[in-house]
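Trainee: Sharing a structure, written as structure tokens. Questions coming.
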Amino acid sequence: NAGVTQTPKFQVLKTGQSMTLQCAQDMNHEYMSWYRQDPGMGLRLIHYSVGAGITDQGEVPNGYNVSRSTTEDFPLRLLSAAPSQTSVYFCASSYVWRDRGHGYTFGSGTRLTVV
Amino acid sequence: GIQVEQSPPDLILQEGANSTLRCNFSDSVNNLQWFHQNPWGQLINLFYIPSGTKQNGRLSATTVATERYSLLYISSSQTTDSGVYFCAVNSGGSNYKLTFGKGTLLTVNP
Chain A
105 NAGVTQTPKF QVLKTGQSMT LQCAQDMNHE YMSWYRQDPG MGLRLIHYSV
155 GAGITDQGEV PNGYNVSRST TEDFPLRLLS AAPSQTSVYF CASSYVWRDR
205 GHGYTFGSGT RLTVV
Chain B
230 GIQVEQSPPD LILQEGANST LRCNFSDSVN NLQWFHQNPW GQLINLFYIP
280 SGTKQNGRLS ATTVATERYS LLYISSSQTT DSGVYFCAVN SGGSNYKLTF
330 GKGTLLTVNP
């Protein structure tokens, strides 16, 4: 049981390049989300999905696109990378247990640098 | 949107000491989570606690929803407790849209 797998772990992009951060989960969780973490700050929600075919914007969606064609995968696309998108990106899947409430499993993160 | 404030921002302890971390939030919540981010960056979900008290080993958490705060207690701290502790809440809409505080950086020295 791998949990949430993010690839790549590290990436350097030039300004204007595009790329896709991959996220896959094998726990059959309906809910998935992307966060970014900047120094000295908590995590900020970029986009989230409540199930296959359904996505919505979070707090900082500009410059990012997502899609959810399957329950397992939730890729994050940077359309035209900017230095302001230098950050650590985390993918999470979420579940509801009847007796334990909401729970979250995070991937190990992708450290992205835009030069 | 909802505001989340955590205190203290930094905390240094000797191994074996106890500590209390606080999370204040500006609106009623229907989802409150505590997370631990270890020094290698991995985030672990500790508690789901929109109200009441829960315990898990040396860690426990209490949320007083009417007064809009939550406390995380760490007893007999160990060096492996080091890292950043985040409180995250949701006050409406999808329960999965969390707003995070800036965290408390805990350092436990041997």
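Line by line, the protein sequences are chains A and B.
Under the numbering used here, the first residue of the first sequence carries the number 105, and numbering increases by one thereafter.
Under the numbering used here, the first residue of the second sequence carries the number 230, and numbering increases by one thereafter.
Glycine residues also receive a C-beta, built at the ideal position from the N, C-alpha and C atoms.
Owing to the predicted nature of the structure, the values given are computational and were not obtained by experimental measurement.
Measuring only between beta-carbons, confirm whether valine 48 of chain A sits less than 8 Å from chain B.
Mentor: Because chain A is modelled from 105 through 219, residue 48 of chain A falls outside the range shown and cannot be assessed.
Trainee: Just to make sure I have the definition right: I need the residues of chain B whose C-beta is within less than 7 Å of the C-beta of tyrosine 208 of chain A. Which are they?
Mentor: Locating residue 208 of chain A in the first sequence gives position 104, counting from the first residue. Neighbours of tyrosine 208 of chain A on chain B, chain order: Gln262, Asn274.
Trainee: Are the C-beta atoms of valine 192 of chain A and some chain B residue less than 8 Å apart?
Mentor: Position 88 of the first sequence holds residue 192 of chain A. Yes, contact with chain B.
Trainee: Closest to glutamate 134 of chain A by C-alpha separation, out of A:Ala156, A:Gly146, A:Leu147, would be which residue?
Mentor: Looking up residue 134 of chain A in the first sequence gives position 30. Considering only alpha carbons, the answer is A:Ala156.
Trainee: Asparagine 232 of chain B: buried (16+ other C-beta within 10 angstroms of its C-beta) or exposed?
Mentor: Residue 232 of chain B sits at position 3 when you count from the first residue of the second sequence. One point to set straight first is that residue 232 of chain B is glutamine, not asparagine, in the sequence displayed. Counting Cβ neighbours within 10 Å, glutamine 232 of chain B comes out exposed, since fewer than 16 surround it.
Trainee: Determine which residues of the stretch 275-309 of chain B have a Cβ less than 7 Å from any Cβ of chain A, and write them out in chain order.
Mentor: Tyr277
Trainee: From aspartate 239 of chain B to phenylalanine 315 of chain B, what does the alpha carbon distance come to, in whole angstroms?
Mentor: The residue you call residue 239 of chain B lines up with position 10 of the second sequence. The residue you call residue 315 of chain B lines up with position 86 of the second sequence. Just so you know, the alpha carbons of aspartate 239 of chain B and phenylalanine 315 of chain B end up roughly 12 Å apart.
Trainee: I think threonine 291 of chain B touches threonine 282 of chain B, with their Cβ atoms under 8 Å apart; what is that distance to the nearest whole Å?
Mentor: Here residue 291 of chain B is taken as the residue at index 62 of the second sequence, counted from 1. Here residue 282 of chain B is taken as the residue at index 53 of the second sequence, counted from 1. Right, the Cβ-Cβ distance comes to about 5 Å (below 8 Å), so this counts as a contact.
Trainee: Go ahead and pull the three-state DSSP assignment for threonine 190 of chain A.
Mentor: Taking the first sequence and counting its residues from 1, one reaches residue 190 of chain A at position 86. Threonine 190 of chain A falls in the coil class under three-state DSSP.
Trainee: Would you say glutamine 232 of chain B reaches chain A, if we count a Cβ-Cβ gap shorter than 8 Å as a contact?
Mentor: As a working note, residue 232 of chain B is residue 3 in the second sequence. Answer no: the Cβ-Cβ gap between glutamine 232 of chain B and chain A never drops below 8 Å.
Trainee: Across which residues does DSSP place alanine 196 of chain A in a beta bridge pair?
Mentor: The residue you call residue 196 of chain A lines up with position 92 of the first sequence. Paired residues: A:Ser137, A:Phe210.
Trainee: Could you list which residues in chain B have their beta carbon closer than 9 Å to that of methionine 145 of chain A, in chain order?
Mentor: Indexing the first sequence from 1 puts residue 145 of chain A at position 41. For the C-beta of methionine 145 of chain A, the chain B residues within less than 9 Å are, from N- to C-terminus, Phe329, Lys331, Gly332.
Trainee: Tell me, please, whether the stretch 188-207 of chain A touches the stretch 135-145 of chain A by the rule of three or more beta-carbon pairs shorter than 8 Å.
Mentor: Yes, the stretch 188-207 of chain A is in contact with the stretch 135-145 of chain A.
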